[in-house]
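In my numbering, the protein residues as written are 423 to 602. A virtual CB, placed ideally from N, CA and C, is assigned to each residue, including glycine. All figures in this text were calculated on a predicted structure; none of them were measured in a lab. Notes to accompany the following structure.
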(Lines of atoms letter the chains of each structure in order from A; the text may use other names.)
(Lines give C-alpha, C1' and ligand atoms only; values in the text may rest on other atoms or scores of the structure.)
Protein backbone atom coordinates (compact mmCIF):
# COMPACT_ATOMS: atom_id res chain seq x y z
CA UNK A 423 0.00 0.00 0.00
CA UNK A 424 1.00 3.61 -0.49
CA UNK A 425 0.46 6.47 1.93
CA UNK A 426 -1.72 9.11 0.31
CA UNK A 427 -1.46 12.88 1.02
CA UNK A 428 -4.74 12.82 2.99
CA UNK A 429 -3.34 10.22 5.40
CA UNK A 430 -5.25 7.31 3.91
CA UNK A 431 -3.68 4.19 2.40
CA UNK A 432 -4.08 3.00 -1.18
CA UNK A 433 -5.44 -0.40 -2.13
CA UNK A 434 -2.98 -3.26 -2.47
CA UNK A 435 -1.95 -3.64 -6.10
CA UNK A 436 0.00 -6.78 -7.10
CA UNK A 437 2.73 -6.46 -9.73
CA UNK A 438 5.41 -8.61 -11.33
CA UNK A 439 9.12 -7.87 -11.04
CA UNK A 440 11.35 -9.42 -13.70
CA UNK A 441 14.92 -9.13 -14.96
CA UNK A 442 13.65 -9.75 -18.51
CA UNK A 443 13.56 -6.83 -20.97
CA UNK A 444 10.10 -5.26 -20.96
CA UNK A 445 7.80 -5.19 -24.00
CA UNK A 446 4.38 -3.57 -24.00
CA UNK A 447 1.44 -4.78 -26.03
CA UNK A 448 1.21 -2.24 -28.86
CA UNK A 449 -1.98 -0.39 -29.67
CA UNK A 450 -3.62 -1.70 -32.79
CA UNK A 451 -4.41 -5.01 -34.40
CA UNK A 452 -2.49 -8.09 -33.19
CA UNK A 453 -5.37 -10.58 -33.13
CA UNK A 454 -4.21 -12.83 -35.97
CA UNK A 455 -0.81 -14.42 -36.69
CA UNK A 456 -0.35 -12.33 -39.86
CA UNK A 457 -0.52 -9.14 -37.74
CA UNK A 458 1.44 -10.45 -34.73
CA UNK A 459 3.49 -7.90 -32.83
CA UNK A 460 7.21 -8.62 -33.20
CA UNK A 461 9.11 -9.25 -29.93
CA UNK A 462 12.61 -10.46 -29.17
CA UNK A 463 13.64 -13.40 -26.99
CA UNK A 464 14.00 -12.93 -24.03
CA UNK A 465 11.28 -10.49 -22.94
CA UNK A 466 8.39 -9.95 -20.54
CA UNK A 467 5.30 -8.70 -22.38
CA UNK A 468 2.78 -6.63 -20.45
CA UNK A 469 -0.59 -6.96 -22.15
CA UNK A 470 -4.32 -7.27 -21.67
CA UNK A 471 -7.10 -9.27 -23.26
CA UNK A 472 -9.12 -6.14 -23.93
CA UNK A 473 -12.50 -7.41 -25.12
CA UNK A 474 -14.50 -10.61 -25.29
CA UNK A 475 -12.95 -12.85 -27.95
CA UNK A 476 -9.66 -10.88 -28.05
CA UNK A 477 -6.51 -12.82 -28.94
CA UNK A 478 -3.01 -11.35 -28.66
CA UNK A 479 -0.35 -12.64 -31.07
CA UNK A 480 3.40 -12.00 -30.80
CA UNK A 481 5.98 -13.14 -33.34
CA UNK A 482 9.58 -14.07 -32.57
CA UNK A 483 12.56 -15.61 -34.33
CA UNK A 484 14.03 -18.91 -33.13
CA UNK A 485 16.96 -21.06 -34.21
CA UNK A 486 16.57 -24.77 -34.87
CA UNK A 487 16.76 -26.69 -31.59
CA UNK A 488 16.54 -23.57 -29.41
CA UNK A 489 14.79 -24.22 -26.06
CA UNK A 490 12.33 -21.49 -25.06
CA UNK A 491 10.00 -21.15 -22.07
CA UNK A 492 6.67 -19.32 -22.28
CA UNK A 493 5.05 -18.48 -18.94
CA UNK A 494 1.88 -16.47 -18.28
CA UNK A 495 1.59 -14.57 -15.01
CA UNK A 496 -2.02 -13.48 -14.51
CA UNK A 497 -3.87 -15.15 -11.62
CA UNK A 498 -0.99 -14.30 -9.24
CA UNK A 499 -1.67 -10.66 -10.19
CA UNK A 500 -5.38 -11.06 -9.38
CA UNK A 501 -6.26 -10.93 -13.08
CA UNK A 502 -9.57 -12.40 -14.25
CA UNK A 503 -7.69 -14.07 -17.15
CA UNK A 504 -7.90 -17.86 -17.43
CA UNK A 505 -5.05 -18.00 -19.90
CA UNK A 506 -4.46 -20.36 -22.77
CA UNK A 507 -1.31 -20.12 -24.91
CA UNK A 508 -0.41 -21.67 -28.24
CA UNK A 509 2.76 -21.74 -30.30
CA UNK A 510 2.15 -21.54 -34.04
CA UNK A 511 4.42 -21.76 -37.04
CA UNK A 512 4.47 -18.99 -39.66
CA UNK A 513 1.60 -20.68 -41.54
CA UNK A 514 -0.57 -20.64 -38.40
CA UNK A 515 -0.32 -24.38 -37.71
CA UNK A 516 -0.42 -25.28 -33.99
CA UNK A 517 2.85 -26.70 -32.66
CA UNK A 518 2.15 -26.64 -28.91
CA UNK A 519 -0.46 -25.37 -26.46
CA UNK A 520 -1.21 -25.20 -22.76
CA UNK A 521 -4.07 -24.27 -20.45
CA UNK A 522 -3.37 -24.62 -16.72
CA UNK A 523 0.25 -25.75 -16.47
CA UNK A 524 0.69 -28.91 -14.44
CA UNK A 525 3.68 -30.31 -12.64
CA UNK A 526 3.20 -31.81 -9.18
CA UNK A 527 0.50 -29.15 -8.79
CA UNK A 528 -2.10 -27.74 -11.17
CA UNK A 529 -1.48 -24.04 -11.80
CA UNK A 530 -4.14 -21.53 -12.90
CA UNK A 531 -1.77 -19.88 -15.39
CA UNK A 532 -0.35 -21.36 -18.60
CA UNK A 533 3.23 -22.41 -19.26
CA UNK A 534 5.08 -24.23 -22.03
CA UNK A 535 8.48 -25.44 -20.86
CA UNK A 536 10.65 -26.16 -22.70
CA UNK A 537 9.49 -25.64 -26.25
CA UNK A 538 12.09 -26.79 -28.77
CA UNK A 539 12.08 -24.85 -32.03
CA UNK A 540 11.86 -27.02 -35.13
CA UNK A 541 13.65 -25.47 -38.14
CA UNK A 542 14.90 -21.91 -37.71
CA UNK A 543 12.28 -19.32 -38.54
CA UNK A 544 9.47 -17.03 -37.42
CA UNK A 545 7.00 -18.35 -34.85
CA UNK A 546 3.95 -16.93 -33.10
CA UNK A 547 2.90 -17.20 -29.46
CA UNK A 548 -0.82 -16.59 -29.02
CA UNK A 549 -2.56 -15.81 -25.71
CA UNK A 550 -6.31 -15.75 -25.07
CA UNK A 551 -8.84 -16.27 -22.32
CA UNK A 552 -9.96 -19.91 -22.22
CA UNK A 553 -13.60 -18.76 -21.92
CA UNK A 554 -13.43 -16.03 -24.58
CA UNK A 555 -13.77 -13.22 -22.04
CA UNK A 556 -11.85 -9.95 -21.83
CA UNK A 557 -11.87 -6.43 -20.41
CA UNK A 558 -9.98 -4.11 -18.07
CA UNK A 559 -9.56 -6.85 -15.41
CA UNK A 560 -7.75 -9.24 -17.81
CA UNK A 561 -4.07 -8.09 -17.72
CA UNK A 562 -1.15 -10.49 -18.03
CA UNK A 563 2.61 -10.73 -18.18
CA UNK A 564 3.89 -13.20 -20.78
CA UNK A 565 7.48 -14.19 -20.01
CA UNK A 566 9.42 -15.46 -23.02
CA UNK A 567 12.90 -16.71 -22.13
CA UNK A 568 15.55 -19.20 -23.07
CA UNK A 569 14.95 -22.36 -21.08
CA UNK A 570 17.58 -23.07 -18.43
CA UNK A 571 18.00 -26.21 -16.37
CA UNK A 572 16.81 -25.97 -12.76
CA UNK A 573 15.53 -28.14 -9.99
CA UNK A 574 12.85 -27.63 -7.38
CA UNK A 575 13.61 -28.30 -3.74
CA UNK A 576 10.52 -28.98 -1.66
CA UNK A 577 10.49 -29.32 2.09
CA UNK A 578 7.38 -30.67 3.73
CA UNK A 579 7.75 -29.76 7.37
CA UNK A 580 4.47 -31.44 8.31
CA UNK A 581 5.33 -33.57 11.29
CA UNK A 582 8.74 -31.98 11.88
CA UNK A 583 9.29 -31.24 15.55
CA UNK A 584 10.99 -28.30 17.17
CA UNK A 585 13.77 -28.93 19.69
CA UNK A 586 11.34 -29.33 22.55
CA UNK A 587 9.37 -31.91 20.53
CA UNK A 588 6.11 -30.03 21.02
CA UNK A 589 5.08 -28.31 17.82
CA UNK A 590 5.52 -28.60 14.08
CA UNK A 591 7.79 -25.91 12.66
CA UNK A 592 7.90 -24.20 9.30
CA UNK A 593 5.23 -24.04 6.63
CA UNK A 594 3.79 -26.87 4.61
CA UNK A 595 5.00 -27.32 1.01
CA UNK A 596 7.53 -24.50 1.08
CA UNK A 597 9.10 -24.40 -2.40
CA UNK A 598 12.03 -22.61 -3.98
CA UNK A 599 13.42 -22.98 -7.50
CA UNK A 600 17.18 -22.91 -7.75
CA UNK A 601 18.99 -22.48 -11.08
CA UNK A 602 21.69 -25.02 -11.85
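- For residue 561, the secondary structure class from DSSP, reduced to helix, strand or coil, is strand.
- Cβ-Cβ distances below 6 angstroms link residue 550 to 477 and 506 in the same chain, with the five nearest sequence neighbours on each side left out; the list follows chain order.
- Around the beta carbon of residue 433, fewer than 16 other beta carbons sit within 10 angstroms, so the residue counts as exposed.
- Residue 509: member of the beta strand (DSSP E) spanning 505-511, first to last residue.
- Residues 559, 560, 561 and 562 of the same chain have their beta carbon placed closer than 7 angstroms to that of residue 501, with the five preceding and five following residues left out of the count.
- The beta carbons of residue 486 and residue 436 sit about 38 angstroms from each other, so the pair does not count as a contact at 8 angstroms.
- Put simply, of 555, 511, 504 and 512 the residue whose alpha carbon is nearest the alpha carbon of residue 521 is 504.
- As the crow flies, the alpha-carbon of residue 447 is around 12 angstroms from that of residue 481.
- Taking each of 569, 468, 455 and 445 in turn and checking the Cα distance to residue 511, the smallest one comes out for 455.
- Around the beta carbon of residue 509, 16 or more other beta carbons sit within 10 angstroms, so the residue counts as buried.
- In the structure shown, the three-state DSSP call for residue 499 is helix.
- Taken atom to atom, the span from the alpha-carbon of residue 564 to that of residue 494 is near 5 angstroms.
- In the assembly as shown, residue 548 is a buried residue. Its beta-carbon has 16 or more other beta-carbons within 10 Å.
- 472 is the residue among 441, 574, 472 and 445 whose C-alpha sits nearest the C-alpha of residue 451.
- Under the three-state reduction of DSSP output, residue 456 falls in the helix class.
- In this structure, residue 492 and residue 566 form a Cβ contact; the two beta carbons are roughly 6 angstroms apart against a cut-off of 8 angstroms.
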